[in-house]
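Structure first, then comments.
Written out as structure tokens, the structure is:
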């Protein structure tokens, strides 16, 4: 199983999983960074997906980040999720996972917005951009990770 490969093979550094496929029944305690590129309307599904990393055997601090794209359905879903979590918290049924959320915008000039990518659909120069980004962002080992240019947050 691919999740086992990620969990137990030190050479496997990244797992790309769907929230609905990875919200129950698996342990991913070898991870220390979780990035959600999708939202789900049910906060229970989101917290369950987060909890796959917060399991017995976790030895590291875990950072969880949600990518919420401005001008998309995320703008509608995220406040609904927060409202549901607030209601559950007031009823004593939920932990406060989402209340330290820090909404930041990437300020790196190379950071492309969704509009930038979709605006290039008729122009094949986006292929050059992808190839250029791949060359700068690929790290094959922990040692190389320090050399990877990280986006500025501000």
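Numbering (this note's numbering), first residue to last: 869 to 1022.
Backbone N, C-alpha and C fix where the C-beta goes; we use that ideal spot for every residue, glycine too.
Here the structure is a predicted model, which is why all the values come from computation and not from measurement.
Secondary structure of residue i, DSSP reduced to three states
i           : result
residue 874 : helix
residue 882 : coil
residue 926 : coil
Rounded straight-line distance, which links the Cα of residue j to that of residue i
i           : j           : result
residue 957 : residue 951 : 10 angstroms
residue 909 : residue 880 : 30 angstroms
residue 893 : residue 901 : 19 angstroms
residue 913 : residue 907 : 9 angstroms
residue 873 : residue 938 : 34 angstroms
residue 943 : residue 911 : 15 angstroms
Residue of the options minimising C-alpha distance to residue i
i           : options          : result
residue 905 : 872, 936 and 873 : 936
residue 897 : 876, 887 and 938 : 876
residue 933 : 941, 917 and 925 : 917
residue 929 : 871, 899 and 938 : 899
residue 884 : 903, 931 and 927 : 903
Assess contact between the stretch 920-931 and the stretch 944-956, defined as three or more Cβ pairs (one per stretch) separated by less than 8 angstroms. Is contact present?
Two segments are said to touch when three or more pairs of C-beta atoms, one from each, lie closer than 8 angstroms; by this definition the stretch 920-931 does not touch the stretch 944-956.
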